[in-house]
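All remarks here apply to the structure that follows.
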Amino acid sequence: MEVKKSLFKGLLVCCLLTSLIACSSMSFVGMYKMSQMDPMTIDPAQIRVALKTDQTVEVKKGAATITFQYQSEDQSINIDKVFEVVIDHQNEAAYALFGKLKPTEIVTSLSLTPEDAKLFRQFQQTIANHKANDGKGTGSFGLGLTDFCLPDPMPNTN
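In terms of my numbering, the sequence shown is numbered consecutively and its last residue is 158.
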């Protein structure tokens, strides 16, 4: 039960995008939830991006990216990494985030690859060790949406 609760909480907290219809922007709820995330303590293997789109929009690998940046004041650390999230076919819980869908809507769940999650964790450790030794720096964590494809030819909507 605790694992399921933790997974759902992680999915809910990490739902970086709660309403995407075709090419619209991030919802206010999604922006708020993202602003509450702590990139230093989040489990990278639990990060999920859930996109709700019309079924005519094809979400591909790399459609969403996660940016992780950190620059130490002493210039000993310079992290500037863009992770492409991949489609996660195992995550049916993403549908629960959106409630009732229209017949033409679908939800696509994306996540970091195991290798990228490991690299993300290494970045967290590097920064934590730096801060533990009174190191200072600045960083950022962000989400980008890049490549949504409409099929050619467009389906007939009549």
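Cβ coordinates follow ideal geometry from the N, Cα and C atoms, glycine included.
{"Item": "What does the Cβ neighbour count give for residue 24, buried or exposed, with the cut at 16 atoms within 10 Å?", "Value": "Residue placement at residue 24 is flagged as unreliable, the pLDDT there being 42, under the threshold of 50; the coordinate-derived value follows with that caveat. When all chains shown are included, residue 24 counts as exposed."}
{"Item": "Please report how far the alpha carbon of residue 55 lies from the alpha carbon of residue 105, in whole angstroms.", "Value": "5 Å"}
{"Item": "What do you get for residue 114, buried or exposed, if any count of 16 or more other CB atoms within 10 angstroms of its CB means buried?", "Value": "exposed"}
{"Item": "What is the DSSP secondary structure of residue 54, counted as helix, strand or coil?", "Value": "strand"}
{"Item": "Tell me the rounded alpha-carbon separation between residue 80 and residue 136.", "Value": "16 Å"}
{"Item": "Answer with buried or exposed for residue 101, where buried requires no fewer than 16 other C-beta atoms within 10 angstroms of its C-beta.", "Value": "exposed"}
{"Item": "Are the region 87–103 and the region 129–146 touching, with three or more C-beta to C-beta distances below 8 Å?", "Value": "no"}
{"Item": "Quick check on residue 67: does DSSP put it in helix, strand or coil?", "Value": "strand"}
{"Item": "Consult DSSP for residue 78 and reduce its assignment to one of helix, strand or coil.", "Value": "strand"}
{"Item": "Let me confirm a value: residue 41 is counted as buried when at least 16 other C-beta atoms fall within 10 Å, else exposed. Which label applies?", "Value": "exposed"}
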